[in-house]
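Residue numbers (my numbering), protein chains in the order written: chain A, 1324 to 1432; chain B, 1324 to 1432.
All C-beta atoms, glycine included, are put in the ideal place defined by N, C-alpha and C.
Okay, so here's the structure we're looking at.
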DNA sequence: GATCTATGTTAGCCATGACTTACCGTAAGT
DNA sequence: ACTTACGGTAAGTCATGGCTAACATAGATC
């Protein structure tokens, strides 16, 4: 609910490992803390961040909560990537057109 | 030189604004600090991080240093994204096959 | 070489956040 | 109702990092 930036959510290495595990297949919190080098509350906190970033959802199953990854959560990153990837190609080609890649013109302002 | 994680480099909002500006077209450090809400040394430090992450490259031009974005720097993120995007689709479709996915709303936090 | 401009670097401050321990709530089994 | 299992939450600690101010460095111009 906190609308966390997915880049921030995935920047932490531990949290990214949590997401990568969940992306392969859903897990409960305890399972994750078994093969991750942090405590169960830490995993729980990471899952909250991932959830707030829209990267993960959970469904209760008895006393357990099964977390699974949410493909739409990656869409924001993908959109950003596509945008600036194409902008990079544009700016590169336009600089080539002006010849400012070869010589030392000042193409700024 | 420090091989910084591109996710970490782009997680900071200010640093991402620096990269986004540079992606549109190259800038010198002072130019960036003019329209960014941080001091020039801060911009310089952000540029160092971006450079260590391989997202940016600079060429000296007199006393100025012109920074431009480096498309290959985004490749690592793109590769990661493609990998886990496809993994998500796989695991999702296999769960659908098993009938364990009812809907893809977000009923729980 | 003196000096100005543009930038990198250092030191220190302060906020953020990742982590653990302890605690509390909730669902199932007996 | 009690117990057990599982997981979210609070408090507190510690490390990281983003920021500014002050200093250091390199190129250009005279």
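Exposed unless 16 or more other CB atoms sit within 10 angstroms - verdict on residue 1358 of chain A: Looking up residue 1358 of chain A in the first chain gives position 35. It is exposed - the Cβ of residue 1358 of chain A has fewer than 16 other Cβ atoms within 10 Å.
I want to see whether chain B comes within less than 9 Å of residue 1401 of chain A, judged by CB atoms only; does it? Numbered from its first residue, the first chain carries residue 1401 of chain A at position 78. Output row for residue 1401 of chain A: interface = yes.
Can you tell me where the beta strand (DSSP E) holding residue 1387 of chain A begins and where it ends? Your numbering for residue 1387 of chain A matches position 64 in the first chain. Taken as a continuous stretch (DSSP letters only), the beta strand (DSSP E) holding residue 1387 of chain A covers 1387-1392.
Would you mind sorting residue 1411 of chain B into buried or exposed? The rule is 16 or more other CB atoms within 10 Å of its CB. Counting from one through the second chain, the residue named residue 1411 of chain B turns up at place 88. The residue in question, residue 1411 of chain B, is buried, as its Cβ has 16 or more Cβ neighbours within 10 Å.
Three-state class that DSSP yields for residue 1383 of chain A in the structure shown: As a first step, residue 1383 of chain A must be located in the first chain, where it is residue number 60. Reduced to three states, the DSSP call for residue 1383 of chain A is strand.
Which full runs of the beta strand (DSSP E) of 3+ residues lie inside the region 1338-1370 of chain A, going along the chain? none
Can you find the residues in the same chain that come closer than 6 Å, C-beta to C-beta, to residue 1348 of chain B, ignoring five residues on each side of it along the sequence? Within the second chain, the letter at position 25 stands for residue 1348 of chain B. Nothing meets the Cβ criterion.
Around the C-beta of residue 1329 of chain A, are 16 or more other C-beta atoms found within 10 angstroms, so that it is buried, or is it exposed? Along the first chain, one-based indexing puts residue 1329 of chain A at 6. So residue 1329 of chain A ends up on the buried side.
Give me the chain A residues within the contact set of residue 1404 of chain B, using Cβ-Cβ distance strictly less than 7 Å, ordered along the chain. The count along the second chain starts at 1 and reaches residue 1404 of chain B at position 81. Here the neighbours are 1397, 1400, 1401, 1404.
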